[in-house]
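Enquirer: Residue numbers (this note's numbering): 21 to 252.
#1: Which value, in whole angstroms, describes the spacing of the CA atoms of residue 94 and residue 234?
#2: Roughly how far, in whole angstroms, is the beta-carbon of residue 105 from the beta-carbon of residue 160, given that I think they are within contact range, below 8 Å?
#3: Among 250, 232, 227, 236, whose alpha-carbon lies nearest the alpha-carbon of residue 86?
#4: Enumerate in chain order the residues of its own chain whose CB-to-CB distance from residue 118 is below 7 Å, with the five nearest sequence positions on each side excluded.
#5: Tell me the rounded alpha-carbon separation between residue 232 and residue 155.
#6: Excluding five sequence neighbours on each side, which residues of the same chain lie with their C-beta closer than 7 Å to the C-beta of residue 219?
#7: Buried or exposed: which applies to residue 115, given that a residue is buried once 16 or more other Cβ atoms fall within 10 Å of its Cβ?
#8: Which runs of the beta strand (DSSP E) spanning at least 3 residues fall entirely within the region 78-154, listed in chain order?
#9: Residue 215: buried (16+ other C-beta within 10 angstroms of its C-beta) or exposed?
#10: Using CA atoms only, rank isn't needed, just tell me which of 149, 165, 195 is closest to residue 213.
#11: Would you list the residues sitting across from residue 224 in a DSSP beta bridge?
#12: For the beta strand (DSSP E) that residue 76 lies in, which residues bound it at each end?
#13: Distance check for residue 191 and residue 178, CA to CA, integer angstroms please.
#14: Alpha carbons only, please: which of 92, 238, 229 is nearest the one belonging to residue 130?
#15: Could you check the C-alpha separation between residue 187 and residue 217 for me, to the nearest Å?
#16: Whose C-beta lies closer than 6 Å to the C-beta of residue 82 among residues of the same chain, with five residues either side of it excluded?
#17: To the nearest angstrom, how far is it from the Cα of residue 74 to the Cα of residue 134?
#18: Short check: CB of residue 70 to CB of residue 101, under 9 Å?
#19: If the criterion is Cβ atoms closer than 9 Å, does the pair residue 229 and residue 139 meet it?
#20: Can you tell me which of the three DSSP states residue 219 falls into?
#21: Measuring straight from C-alpha to C-alpha, what distance separates residue 26 and residue 209?
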C-alpha cells in the first residue's frame, strides 16, 4: 500500500533544477547523513530520507538534488519510508504552466520497492502517484480506468483511494522502467478532465522510492534526476 507522511518544503519559486547528464555508476558523495529524518537542501529542491515507517539504521547520500542515494537494511512487510527529492512549493495552475521531469535509477537486486513520482495540489487536496517501477505493492482503492495513455505512456489501470483527508490517484503502468521522462502536468489534466481532481493548482512535485525490504544493507541510487517548468 502506497502511504506516506507528508513533509513539505517552503521557499521562493524561481526555475526548478536544470537537466544533468547521468553520472558514473560509482560516486564520491559530497554529503552524507545518518538517521530517518536526514535531509539536504539544494535551493529549489530538497532531498529527504523520510524513513517514516521504520526506525532501522539508514544513510542518505547526495552530491546534489540530481544525484543522490538512500541505503539501509529493511525487513518484513510494509513501506519503510520515502527517500525522495522534492521541489519547493510551486502553486501554479495546471493549465497555465508546464512541468516536465526525467530520472535514471539503479535499484538493488533482490529488494522490494516502488519508484514513483508523488505530486500534490494546493492544500494537499489531491495526491497523484505515478508508478515508474514496482516489484512489490499491489494497487489499492477503487479502479476507475484501464488502458489509458497519459503523457505518452501506457497505463493498464488507474486507481482512486483516500489517504486520510486526501484524494489519491494512482497510475499503474503496463510495464516498469528504471529511466524515462514525464510530462507531469498530463496526469493532472487527465484527472481534471475526468472529474477526479479537487484542485487545479499544483503545489509540489517529488520523485523517490518506497522501500519495503532489502537483501541486507543495500542502496537505492538516483543516478540522475531533473525537473523543469515554465509558463505556457
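Cβ coordinates follow ideal geometry from the N, Cα and C atoms, glycine included.
Expert: This is what the structure holds:
#1: Residue mapping note: residue 94 aligns to position 74 of the chain shown, counting from 1. Residue mapping note: residue 234 aligns to position 214 of the chain shown, counting from 1. Straight-line Cα distance between these residues: approximately 5 Å.
#2: Locating residue 105 in the chain shown gives position 85, counting from the first residue. Locating residue 160 in the chain shown gives position 140, counting from the first residue. Their Cβ separation, rounded to whole angstroms, is 24 Å, which puts residue 105 and residue 160 out of contact at 8 Å.
#3: Within the chain shown, numbered from 1, the residue matching residue 86 stands at position 66. That would be 227, whose Cα lies nearest to the Cα of residue 86.
#4: For the purposes of this step, residue 118 is taken as the residue at position 98 of the chain shown. Counting only Cβ-Cβ distances below 7 Å, and skipping sequence neighbours, we find 205, 249, 250, 252.
#5: Along the chain shown, read from residue 1 onward, the residue named residue 232 stands at position 212. Along the chain shown, read from residue 1 onward, the residue named residue 155 stands at position 135. Their backbone Cα atoms lie some 10 Å apart in a straight line.
#6: For the purposes of this step, residue 219 is taken as residue 199 along the chain shown, with counting starting at 1. For residue 219, where only same-chain residues beyond five positions count, the Cβ hits under 7 Å are 141, 142, 143, 145, 146.
#7: In the chain shown, residue 115 corresponds to position 95, counting from 1. It counts as exposed.
#8: 78-84, 87-92, 104-107, 117-126, 132-141, 146-154
#9: Start at 1 with the first residue of the chain shown, and residue 215 comes out as number 195. So residue 215 ends up on the exposed side.
#10: In the chain shown, counting from the first residue as 1, residue 213 sits at position 193. Among 149, 165, 195, the Cα nearest to that of residue 213 is on 165.
#11: Position 204 of the chain shown, counted from the first residue, corresponds to residue 224. DSSP, once it has assigned bridges, lists 140 as partnering residue 224.
#12: For the purposes of this step, residue 76 is taken as the residue at position 56 of the chain shown. Taken as a continuous stretch (DSSP letters only), residue 76 belongs to no beta strand (DSSP E), as it is neither H nor E.
#13: Residue 178 sits at position 158 when you count from the first residue of the chain shown. Residue 191 sits at position 171 when you count from the first residue of the chain shown. Approximately 5 Å, taken between the alpha carbons.
#14: Position 110 of the chain shown, counted from the start, is the residue given in the question as residue 130. Ranking the options by Cα distance to residue 130, first place goes to 238.
#15: Here residue 187 corresponds to residue number 167 of the chain shown, with the count starting at 1. Here residue 217 corresponds to residue number 197 of the chain shown, with the count starting at 1. C-alpha separation (whole angstroms): 8 Å.
#16: The residue labelled residue 82 in the question sits at position 62 within the chain shown. Taken in chain order, the residues that qualify are 51, 60, 67, 88.
#17: Locating residue 74 in the chain shown gives position 54, counting from the first residue. Locating residue 134 in the chain shown gives position 114, counting from the first residue. Residue 74 and residue 134 have their C-alpha atoms spaced approximately 16 Å apart.
#18: Locating residue 70 in the chain shown gives position 50, counting from the first residue. Locating residue 101 in the chain shown gives position 81, counting from the first residue. Yes, the Cβ-Cβ distance between residue 70 and residue 101 is below 9 Å.
#19: Here residue 229 is taken as the residue at index 209 of the chain shown, counted from 1. Here residue 139 is taken as the residue at index 119 of the chain shown, counted from 1. Contact: no.
#20: To locate residue 219, count along the chain shown from 1; it is residue 199. Correct three-state label for residue 219: coil.
#21: Start at 1 with the first residue of the chain shown, and residue 26 comes out as number 6. Start at 1 with the first residue of the chain shown, and residue 209 comes out as number 189. Caution is warranted here: a pLDDT of 34 is assigned to residue 26, below 50, making its placement in the model unreliable, and the coordinate value is therefore given only provisionally. Between the alpha carbons of residue 26 and residue 209 lies a distance of about 23 Å.
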